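Q: Protein chains in written order, with my numbering: chain A, 6 to 248; chain B, 6 to 248.
Every residue gets a Cβ at the ideal spot worked out from N, C-alpha and C, and that includes glycine.
Since this is a predicted model, take the numbers as computed values, not measurements.
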């Protein structure tokens, strides 16, 4: 690994804060940062390991895709005890759709860390999702299945995977909630403010006021997402009253 | 879980030694045997859990399939550092082909443990592979990813997954070895004997003699497999001399 380690390490000068951004993205300390460097190495760099094998994040995508599939499968198995295998397969394909993975990768700004010899604007739209998968592959190689599971719960399942929403029964928790407030003649307000805190990324925080009480709070990388997350939390908190 | 536990547990009388066979098949002690009972429950039994959800091994197949895919992906990623993602995908689909999974399930005689209201001879050929997947699903629920990995290495990867064989470069290690012996004018003999030992299943043991020395030994559930496994071990042990 000597040669490749040297080549990949030298990039730390260029990419500067790769390590510290990585820590924040992952939510834990990587053991071997080399795996993550590989996860952001495009084949156009023509880096080879000591045996002459090309290094490229595309191989790691294959690995990350499989791990992601397993974690999502086990989550759906548990939360949808009434769904048969056809249903579970359909729900999973919604969660791991290209569109969704691209959004996830874009939110984490993974493309900023790619090392490539071709201009980044020439990558197709799927680069974001591909990098998200290769990052999961790197986590697996670095820390194993458990850390992947934790990362996927933090970044995919907790914020975005909701059976009712996946089924299309609930399009938006925000509109559900607004409807209910109007029917019940309650005053409500989504109070939104920018709250970047210690994060690299811009974050929005939202408080939902019902009459004169805060009933839910959430943070996310966009105003819309933060509102939806808050509404979802409020929905579950108020569930007995709403449905 | 009260009702379902009672229904499933009562089967222990019928299936008798389910638990002891399970121990041998798994290579470790299950914590919660209920998961394994579910993994062998056909929907024709019409068992429902306390919330009215149908119990059937088909849901567990979905889970097992995903875990198997992840373990095989990570193995291939490691053993084929020169293969790109297309290659890795192709190799994986060979390992987890229906045909291969059916063989694995058949070898373990999983069908013997199925509880069903329809005659077993009416199941299609894929029942064996399906049960193999549902068994992996049960292991995951009972003991987590690590135990699945261990089981898959024991039952799938170590005995059957060989990159050269998957690529079709090596059709049979036995014929490779015989060819070499003939060229080198070596006496060889595959000594085969039945060796069931403590296993439920009939096993064959093979010793490969080269001139007057035993160069490799292996056990498997068929004579042909045991010979091939022995030849593969001898091939790697003698690799410098052979290639």
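If I follow the unbroken beta strand (DSSP E) through residue 224(A), where does it start and stop?
A: Within the first chain, numbered from 1, the residue matching residue 224(A) stands at position 219. Where residue 224(A) is concerned, the enclosing beta strand (DSSP E) stretches over 218 to 225.
Q: Please confirm whether residue 54(A) has its beta-carbon closer than 8 Å to some beta-carbon of chain B.
A: Residue numbering aside, residue 54(A) sits at position 49 when the first chain is read from its first letter. Yes, contact with chain B.
Q: Which of the residues in the segment 36 to 62 of chain B, read from start to end, lie with their CB under 8 Å from any CB of chain A?
A: Listed by position, the residues of the segment 36 to 62 of chain B near chain A (Cβ gap below 8 Å) are 54, 56, 57, 58, 59, 61.
Q: Fully enclosed by the segment 15 to 99 of chain B, which alpha helix (DSSP H) runs are 4 residues long or longer?
A: Whole alpha helix (DSSP H) segments, 4+ residues: 23 to 31, 38 to 44, 62 to 84.
Q: Less than 8 Å between C-beta atoms, sequence neighbours within five positions excluded: which residues of the same chain meet that for residue 159(A)?
A: The residue given as residue 159(A) occupies position 154 in the first chain. The answer, listed in chain order, is 32.
Q: So the candidates are 90(B), 99(B), 136(B); which of them puts its Cα closest to the Cα of residue 47(B)?
A: Your numbering for residue 47(B) matches position 42 in the second chain. For the residues 90(B), 99(B), 136(B), the minimum Cα distance to residue 47(B) belongs to 136(B).
Q: Would you mind telling me which residues of chain A sit closer than 9 Å to residue 86(B), beta carbon to beta carbon, in chain order?
A: On the second chain, residue 86(B) is found 81 positions in, with the first residue counted as 1. Residues of chain A passing the Cβ test: 54, 56, 58, 64.
Q: For the segment 97 to 114 of chain A and the segment 165 to 181 of chain A, state whether three or more C-beta atom pairs, one from each stretch, are separated by less than 8 Å.
A: Result yes; three or more Cβ-Cβ pairs closer than 8 Å.
Q: With which residues is residue 209(A) paired in a DSSP beta bridge?
A: If you number the first chain from 1, residue 209(A) lands on position 204. Per DSSP, 199(A), 225(A).
Q: Hey, quick one: how far does the alpha helix (DSSP H) through residue 155(A) stretch, first residue to last?
A: Sequence index remark: in the first chain, residue 155(A) carries index 150 (1-based). Unbroken alpha helix (DSSP H) run through residue 155(A): 150 to 157.
Q: Below 8 Å between beta carbons: does that hold for residue 153(A) and residue 76(A)?
A: By one-based count along the first chain, residue 153(A) stands at place 148. By one-based count along the first chain, residue 76(A) stands at place 71. For residue 153(A) and residue 76(A), yes; Cβs fall inside 8 Å.
Q: Is residue 134(A) close to chain B, meaning its C-beta is less than 8 Å from at least one C-beta of that chain?
A: On the first chain, residue 134(A) is found 129 positions in, with the first residue counted as 1. Output row for residue 134(A): interface = no.
Q: Can you round the beta-carbon distance between residue 89(B) and residue 138(A) to whole angstroms, since I take them to be within the 8 Å contact cut?
A: As a position in the second chain, residue 89(B) is number 84, starting the count at 1. As a position in the first chain, residue 138(A) is number 133, starting the count at 1. About 15 Å; that fails the 8 Å criterion.
Q: Examine chain B for any beta-carbon lying closer than 8 Å to the beta-carbon of residue 68(A), and answer yes or no.
A: Within the first chain, residue 68(A) is the residue found at index 63, counting from 1. Closer than 8 Å to some Cβ of chain B, the Cβ of residue 68(A) qualifies, so yes.
Q: Take every Cβ of the segment 139 to 150 of chain B, pair it with every Cβ of the segment 34 to 45 of chain B, and state whether three or more of those distances are shorter than 8 Å.
A: Result yes; three or more Cβ-Cβ pairs closer than 8 Å.
Q: So residue 162(A) contacts chain B; which residues on that side make the cut at Cβ distance below 7 Å?
A: Residue mapping note: residue 162(A) aligns to position 157 of the first chain, counting from 1. Residues of chain B passing the Cβ test: none, with the nearest at roughly 14 Å.
Q: Would DSSP call residue 137(A) helix, strand or coil?
A: As a working note, residue 137(A) is residue 132 in the first chain. Helix.
Q: State the beta-bridge partners of residue 193(B) as determined by DSSP.
A: Position 188 of the second chain, counting from 1, holds the residue named residue 193(B). For residue 193(B), which the question treats as bridged, DSSP gives the partners 215(B).
Q: Rounded to the nearest angstrom, what separates residue 198(A) and residue 236(A) at their Cα positions?
A: Position 193 of the first chain, counting from 1, holds the residue named residue 198(A). Position 231 of the first chain, counting from 1, holds the residue named residue 236(A). If you take the alpha carbons of residue 198(A) and residue 236(A), they lie about 16 Å apart.
Q: Hey, how far is the Cα of residue 143(A) from the Cα of residue 44(B)?
A: The sequence position of residue 143(A) within the first chain is 138, counting from 1. The sequence position of residue 44(B) within the second chain is 39, counting from 1. If I take the Cα positions, the gap works out to 32 Å.
Q: Can you give me the Cβ contacts of residue 162(A) inside the same chain, cut-off strictly under 7 Å, excluding the 5 residues immediately before and after it?
A: Translated into positions along the first chain, residue 162(A) becomes position 157. The residues are 80.
Q: Against residue 110(B), what residues of chain A qualify as contacts under a CB-to-CB distance less than 7 Å, listed in chain order?
A: For the purposes of this step, residue 110(B) is taken as residue 105 along the second chain, with counting starting at 1. Correct list: empty, because the minimum Cβ distance to chain A is about 17 Å.
Q: Measuring only the C-alpha atoms, how far is residue 115(B) from residue 140(B)?
A: Mapped onto the second chain, residue 115(B) falls at position 110. Mapped onto the second chain, residue 140(B) falls at position 135. In a straight line, the C-alpha of residue 115(B) is about 9 Å away from that of residue 140(B).
Q: Measuring straight from C-alpha to C-alpha, what distance separates residue 74(A) and residue 30(B)?
A: The sequence position of residue 74(A) within the first chain is 69, counting from 1. The sequence position of residue 30(B) within the second chain is 25, counting from 1. Computed Cα separation, rounded: 26 Å.
Q: Any C-beta of chain B sitting closer than 8 Å to the C-beta of residue 145(A)?
A: As a working mapping, residue 145(A) is identified with position 140 in the first chain. So, interface residue.
Q: Tell me the rounded alpha-carbon separation between residue 151(B) and residue 87(A).
A: In the second chain, residue 151(B) corresponds to position 146, counting from 1. In the first chain, residue 87(A) corresponds to position 82, counting from 1. Going from the Cα of residue 151(B) to the Cα of residue 87(A) covers about 27 Å.
Q: Hey, does residue 32(B) have any beta-carbon neighbour from chain A nearer than 8 Å?
A: Taking the first residue of the second chain as 1, we reach residue 32(B) at position 27. No, its Cβ sits nowhere closer than 8 Å to a Cβ of chain A.
Q: Does the beta-carbon of residue 218(A) have 16 or more other beta-carbons within 10 angstroms, so that it is buried, or is it exposed?
A: Within the first chain, the letter at position 213 stands for residue 218(A). Burial call: exposed.
Q: What do you reckon, are the CB atoms on residue 177(B) and residue 120(B) nearer than 8 Å?
A: Counting from one through the second chain, the residue named residue 177(B) turns up at place 172. Counting from one through the second chain, the residue named residue 120(B) turns up at place 115. Not closer than 8 Å, so no.
Q: Measure how close the beta-carbons of residue 49(A) and residue 122(A) come, nearest whole angstrom, since I'm counting them as under 8 Å.
A: For the purposes of this step, residue 49(A) is identified with residue 44 of the first chain, where counting begins at 1. For the purposes of this step, residue 122(A) is identified with residue 117 of the first chain, where counting begins at 1. Indeed they touch by this definition, with Cβ atoms about 4 Å apart.
Q: Determine which residues of the segment 89 to 107 of chain A have a Cβ less than 7 Å from any Cβ of chain B, and write them out in chain order.
A: Under the 7 Å Cβ criterion, the segment 89 to 107 of chain A contributes 89, 90, 93, 94.
Q: Compute the beta-carbon to beta-carbon distance between residue 186(B) and residue 193(B), rounded to the nearest angstrom, for a pair I have assumed lies under 8 Å.
A: Numbered from 1 along the second chain, position 181 holds the residue referred to as residue 186(B). Numbered from 1 along the second chain, position 188 holds the residue referred to as residue 193(B). Contact holds; Cβ gap of about 4 Å.
Q: List the whole-angstrom C-beta distance separating residue 104(B) from residue 133(B), where the pair is believed to meet the contact cut-off of C-beta under 8 Å.
A: Along the second chain, read from residue 1 onward, the residue named residue 104(B) stands at position 99. Along the second chain, read from residue 1 onward, the residue named residue 133(B) stands at position 128. Wrong, their Cβ atoms sit about 10 Å apart, outside the cutoff.
Q: Quick check: what's the CA-CA separation for residue 244(A) versus residue 238(A)?
A: Your numbering for residue 244(A) matches position 239 in the first chain. Your numbering for residue 238(A) matches position 233 in the first chain. So the alpha carbons of these two residues sit roughly 10 Å apart.
Q: I'd like the list of long-range same chain contacts for residue 65(B), defined as Cβ closer than 7 Å, with 5 residues on each side in sequence excluded.
A: Within the second chain, numbered from 1, the residue matching residue 65(B) stands at position 60. 43, 44, 139, 142, 143, listed in sequence order.
Q: Go through its chain and collect everything with a Cβ distance to residue 72(B)'s Cβ below 6 Å, but skip five positions before and after it.
A: Residue numbering aside, residue 72(B) sits at position 67 when the second chain is read from its first letter. Result list for residue 72(B): 141, 145, 153, in chain order.
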